[in-house]
Amino acid sequence: MADAAPAGVPDPTALSEVFRVYEVEVIGDRVRYYGQLTGDEETALRTLAPQFRERGYRVNLQHETGEYVLVAQERSTGVDGVPWLNIILFVVTVLSTLYAGSRWYGVDLAAEPLGLLRAWPFALSVVGVLAVHEFGHYLLSRYHDVEATLPYFIPLPNLLGTLGAVIRLKDNMPSRRALFDIGVSGPLAGLAVTVVVTAIGVSLPPVAATDAALVGGVELGYPPLVQIVAALLGQPLAYGPGQTVNPVVVGGWVGAFVTFLNLLPVGQLDGAHVTRALVGERVRTLGRLVPVALLGLAGYLVAFEGGRSAQLWVVWGVLSLLFLRAGTATPIDETSVDRKRQVVGAVTLLLGVLCFTPTPVTITV
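Sequential numbering from -11 applies to the sequence shown in our numbering.
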């Protein structure tokens, strides 16, 4: 360890107003400042982050064995090398959604292995909705010079073939404006493609609900947004015995459901970013209400709806408790967002309500 920092990063004396440094350690591409805070953590980060950012570093504050460690790491807003993990997860997710889609189409893969490819409309609609949502975040992160990863898709051989996709923001958030733009971009982009996918799906012919089809034991609850699109086009969302909606409609359902969940104002979800940018620290109060509301909804469904979808909301209620512990992003510049963004934020949150249904899915097999 040393008392002086290497060239290119702030000297310990420049940090003394909020962080008194007594040791400095360099490990790989990271510089670790050991010291004590003179105030609270948020004030320290808000003061220190701009000093490091202008020198090409991002910082985070950690508490280790009774002392604080300010960790500075070089920023990189580009893609370093070939993102193999992102590519592999994407390919596997495409395959898993093709597999899930084959079940929605009633393909017997044992008798017709290449029938997997017949599910490409389903896979394209589901993966497309998720990809557009996440790349909305990624592009606005690049616009605001905030370091973020490419999307990580999460494959899973379930009803949809995936658990979704995420990007990770690795940088300090420069302002409320940047936080708002990055947070709102995903839901708005995702909603746009959700409407398109839903419109295409309800316009396509229904499929036969054969014995091999998964849909015979699955009932989707369509949110108002999907119902409105179908009504405007004069298309049904339910058919008589032996037929069901085209599986592309499921892509629209996925888009709406993902949008609603992401707009919950808790933790690092999009809704928390948007709400934090709009109302500041009051988002913490709203965040505490989320698990109460979700678990309360689960209780209502058990008591009055035979438990339909109750397990789903219990899971999300527990997850929201974990998200709450993770906290919400803290922007360096706390200047309020402009009127235009306030209106866009309110409209986005309202659209999120149109994506809600209390019983999104019921499985009877």
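We put the CB at the ideal spot given by N, CA and C, even for glycine.
query                                                                                                                      : result
Beta-carbon proximity of T150 to T85, cut-off 9 Å                                                                          : yes
The beta strand (DSSP E) enclosing Q24, as first and last residue numbers                                                  : R18 to L25
Collapsed DSSP secondary structure at V57 in the structure displayed                                                       : strand
Cα-Cα separation, A32 to L25                                                                                               : 7 Å
Contact check, A177 vs V217, beta carbons under 9 Å                                                                        : no
Nearest to V80 (by Cα), restricted to the options G94, S64, A291 and P143                                                  : P143
Backbone CA spacing between V6 and R276 [nearest angstrom]                                                                 : 30 Å
Rounded Cβ spacing between T232 and V185 (contact assumed at less than 8 Å)                                                : At roughly 17 Å, the Cβ-Cβ gap does not stay under 8 Å, so T232 and V185 are not in contact.
Beta-carbon spacing of L157, V134 below 9 Å                                                                                : yes
Cβ neighbours of L97 in the same chain (closer than 7 Å, five flanking residues each side left out)                        : S90, G103 and L104
Distance between E62 and Y45 (C-alpha atoms, nearest Å)                                                                    : 4 Å
Supposed close pair G209, T345 - CB separation, criterion 8 Å                                                              : 4 Å
Backbone secondary structure at L4 - three-state DSSP                                                                      : First, the residue type needs correcting, since residue 4 is Ser and not Leu in the sequence shown. In the structure shown, S4 sits in coil (DSSP, three-state: anything other than H, G, I, E or B).
Continuous alpha helix (DSSP H) stretch holding L77: start and end                                                         : W72 to W92
Beta-carbon contacts of V303 that lie in its chain and below 6 Å, excluding the five residues immediately before and after : none
Under 9 Å between C-beta atoms of P175 and T336                                                                            : yes
Cβ separation of P348 and S297, assumed to be a contact under 8 Å, to the nearest whole Å                                  : 6 Å
N-terminal and C-terminal residue of the beta strand (DSSP E) that T143 is part of                                         : According to the sequence shown, residue 143 is Pro rather than Thr. P143 -> beta strand (DSSP E) spans Y140 to P143.
Touching by the beta-carbon criterion (3+ pairs, under 8 Å), the segment 327 to 336 and the segment 276 to 285             : no
Which of helix, strand or coil DSSP assigns to S64                                                                         : coil
Element boundaries [beta strand (DSSP E), containing N48]                                                                  : Y45 to E52
Outcome for A119 when other beta-carbon atoms lying within 10 angstroms are tallied against a minimum of 16                : buried
Nearest-angstrom Cα separation, counted from S191 out to R313                                                              : 44 Å
Nearest to F141 (by Cα), restricted to the options P0, A60, S64 and P71                                                    : P71
P211 to V183 span [Cα, whole Å]                                                                                            : 12 Å
Beta-carbon separation (whole angstroms), R18 vs V59, contact threshold 8 Å                                                : 6 Å
Range of the contiguous alpha helix (DSSP H) that encloses T35                                                             : E29 to R41
Boundaries of the alpha helix (DSSP H) in which T247 is found, first to last residue                                       : V236 to N250
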